[in-house]
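Chemist: One structure coming up, written as structure tokens, with questions to follow.
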Amino acid sequence: MSTIINENRLQTTFKNLDQKISKLNDQKIVAFFESLGLLERKDVPKDFLNWENILIVVPNRHVSHELKYYKYTISRISFLTNPYADQIHIFDLKDWKSASQNKTQFQIREMLKTNFGGVKKVIKES
């Protein structure tokens with residue numbers, strides 16, 4: 033004998049609520065990206081809502097600290113500080129995990145110079 037009277041109905045209700053929560057979270061992500069000015073940029077992929085998780089790459093710890101609150105209020109987003117980045121970028125978190133898997137800290141640091149928003153600094157000689 034089950035404690036729950038109608039488990040199928042309960043599961044269906046949960047599934048419907050989870051879908052609604054997911055749609056609301058997508059709206060939060062869009063609003064957040066809009067407030068960061070990301071939606072107007074041509075280099076930002078338009079299919080980011082299809083990603084399971086979104087990696088937001090920020091150029092320094094100041095920006096990371098400023099945006100830290102949103103990490104806890106919006107599901108499906110993570111942050112990475114890349115000191116070699118010149119602006120905020122977004123990536124599919126799966127790409128980051130596959131690129132950084134089995135790499136040492138040094139290898140990751142070198143990779144960040146040219147990938148995941150990193151721009152190799154060119155020293156201009158006068």
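Numbered per our numbering, the sequence shown spans residues 33 to 158.
Glycine included, every Cβ here is placed at the ideal spot set by N, Cα and C.
1. For Leu144, which of Lys60, Asn134, Thr113 has the nearest alpha-carbon?
2. Tell me whether Asp58 sits in a helix, a strand or coil according to DSSP, three-state version.
3. Could you tell me which residues DSSP puts in a beta bridge with Ser110?
4. Tell me, which residues are paired with Leu117 by DSSP?
5. Give the secondary structure of Ile122 by DSSP, where H, G and I count as helix, E and B as strand, and everything else as coil.
Modeler: Reading it off the structure:
1. Thr113
2. helix
3. Leu87
4. The residue you asked about is not Leu; residue 117 is Ala in the sequence shown. Paired residues: Gly150.
5. strand
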